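Enquirer: Residue numbers (the numbering used here): 1044 to 1406.
Pasting a structure here, questions to come.
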Amino acid sequence: MEKQMGQDTFALDGHKLYWHLDRVAAWQKDRLIAPIYVEISPLSYCNHRCIFCGLDFIRGERSKLKTSVLMAQIESMARLGVKSIMFGGEGEPLLHPDLPEIAAWAKEVGLDVSVTTNGMTGTAKFWEKLLPSLTWIRFSLDAASAEVYHQVHTVKKECFQQSIHALEEAVRIKSEMALAVTIGVQFLIIQKNLADIENALHLYSEIGVDYLSFKPYSEHPQMINKSGFTYTKKMITAIEKKVNTFSAPGPTKVIFRKSATEAYTEGVQNFSHCWALPFWGYISSKGDFYTCSVYLNDERFKAGNIYVDPMSTILFGDKRKKSIEYAEHKLRVDCECRVNCRMARINEFAEVLHRKPNHINFI
């Protein structure tokens, strides 16, 4: 638990199931529970072409979720026990014209709402409509200079200043409207932006974001453009030193996801089965509900479709149950999955629970 604290008050490098022990207990009794968290991809297309994009294998398809259907299913998810949703996924969520209205509805029905975005198209008027509905918003910027941004996001150099202005406007609107939303910046560490880490520390703390997170890059198993980039102990030590010796001029928390990064130097998972699927889900831009976002277009992990199936059938039906059972008993996490997937910390925690010792009442 201590490893999750410090500046990482959001437990980005850990997990939060400790605060959902009722759901964990329900899972231990019956594997089929409502997810705590669902990620939603409002559309499939993006205005950037990041070199690390884990979804390059599905590019070319253009799809967008129908607002009325999505809002109805969001209400059902809230009623059935889902606690939070995040808009991100395959494309750039800000390109969905109804995103502020959808987010407002999700908040109204009782869900915590968040967005992961490159932020470039955000304007003051847009933020005034969207930010009041959000628990948090994370800007994936991955650079601190126009040249590096151009190389990493493969957009015109002037797009960097456009994205920075959008971020500054979001911070300003949050302050002026006295909003509780957390505004964070994510910096995905790859070879091309290593030299920009120090610049990022200064730039984003001066802008006054709530946090700046440095995280490792995880290659999607189905990716076409694999980089082969790896992290060394020397590199991790150097990054940690820069982060720990930096003194932010304002309230910005600086987080280096060291545990996640170190997992790549080890090259193996610290769990033997995938136990995490009951706790989350993913809705694609086509409306398909997947138990794991790594396996898009894989029938083993498809539990239904929001255009066809009621949410109650998707969450508690036979398809999701079989998918969860498959992941627990048949999925080869050592060769089919990422070395360090998004649910890795949850899987490590659940594996400890699964290995029940004898005489548990002698605490």
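Just so it is clear, CB atoms sit at the ideal spot from N, CA and C, and this is done for glycine as well.
Small disclaimer: the values here were computed from a predicted structure and weren't measured.
In the DSSP assignment, the alpha helix (DSSP H) including LYS1276 goes from what residue to what residue?
Expert: Note, LYS1276: alpha helix (DSSP H), 1276-1288.
Enquirer: Are at least three pairs of beta-carbons, each pair with one atom in the segment 1302-1317 and one in the segment 1112-1124, less than 8 angstroms apart?
Expert: As far as the Cβ criterion goes, the segment 1302-1317 does not touch the segment 1112-1124, which means the pair count is below three.
Enquirer: Ignore the nearest five residues each way along the sequence and tell me which others in TRP1318's own chain have a CB closer than 7 angstroms to its CB.
Expert: If we look at TRP1318 and ignore the five residues flanking it on each side, its Cβ neighbours are GLU1371, ASN1390, ALA1393, GLU1394 and HIS1397.
Enquirer: Since I believe THR1166 is in contact with GLU1219 (beta carbons under 8 angstroms), could you give me their beta-carbon distance rounded to a whole number of angstroms?
Expert: No, GLU1219 and THR1166 are not in contact; Cβ-Cβ is about 14 angstroms, not under 8 angstroms.
Enquirer: How is ILE1180 classed by DSSP in three states: helix, strand or coil?
Expert: ILE1180: strand per DSSP, three-state reduction.
Enquirer: Can you give, in chain order, each stretch of the beta strand (DSSP E) that sits fully within the segment 1047-1123 and has at least 3 residues?
Expert: The qualifying runs are 1080-1083.
Enquirer: Would the segment 1355-1365 and the segment 1373-1390 be scored as touching if the rule is three or more Cβ pairs under 8 angstroms?
Expert: No contact exists between the segment 1355-1365 and the segment 1373-1390.
Enquirer: Could you tell me which residues DSSP pairs with VAL1297 in its beta bridges?
Expert: Answer is LEU1255.
Enquirer: Pull up the DSSP beta-bridge partners for GLN1229, would you.
Expert: Beta-bridge pairing links GLN1229 to SER1183 and SER1256.
Enquirer: Counting along the chain, where does the alpha helix (DSSP H) carrying ASP1361 start and finish?
Expert: 1361-1372 is the span of the alpha helix (DSSP H), which, as asked, contains ASP1361.
Enquirer: Quick check: the segment 1113-1130 against the segment 1142-1153, are there 3 or more CB pairs under 8 angstroms?
Expert: Verdict: yes, contact present.
Enquirer: Can you tell me where the beta strand (DSSP E) with SER1157 in it begins and where it stops?
Expert: Per DSSP, SER1157 belongs to the beta strand (DSSP E) from 1155-1160.
Enquirer: On the DSSP letters alone, give me the boundaries of the beta strand (DSSP E) that ASN1348 sits inside.
Expert: Here the beta strand (DSSP E) through ASN1348 covers 1345-1348.
Enquirer: Counting along the chain, where does the beta strand (DSSP E) carrying PHE1332 start and finish?
Expert: Run containing PHE1332: 1331-1333, per the beta strand (DSSP E) assignment.
Enquirer: Go to TYR1325, then tell me how far its beta strand (DSSP E) extends in each direction, as first and last residue.
Expert: Residues 1323-1326.
Enquirer: Let me know if GLY1330 comes out buried or exposed under the rule of 16 or more other beta-carbons within 10 Å of its beta-carbon.
Expert: Buried.
Enquirer: For the segment 1173-1187 against the segment 1226-1242, are there 3 or more C-beta pairs whose distance is under 8 angstroms?
Expert: At 8 angstroms Cβ cutoff, the stretches touch.
Enquirer: Contact between the segment 1287-1299 and the segment 1247-1259 is defined here as three or more beta-carbon pairs at a separation below 8 angstroms; is this criterion met?
Expert: As far as the Cβ criterion goes, the segment 1287-1299 touches the segment 1247-1259, which means the pair count is three or higher.
Enquirer: Buried or exposed: ASN1383, going by 16 or more other Cβ atoms within 10 Å of its Cβ?
Expert: Buried, since its Cβ has 16 or more Cβ neighbours within 10 Å.
Enquirer: CA-CA distance, LYS1399 and LYS1126?
Expert: In a straight line, the C-alpha of LYS1399 is about 28 angstroms away from that of LYS1126.
Enquirer: Provide the residue(s) that pair with MET1441 in DSSP beta bridges, ordered along the chain.
Expert: The question about residue 1441 has no answer here: the residues shown for the chain are numbered 1044 through 1406.
Enquirer: Can you look up SER1312 in the DSSP assignment and give me helix, strand or coil?
Expert: What sits at residue 1312 in the sequence shown is Gln, not Ser. Residue state, collapsed to three classes: coil.
Enquirer: If the criterion is Cβ atoms closer than 8 angstroms, does the pair THR1160 and PRO1136 meet it?
Expert: Yes.
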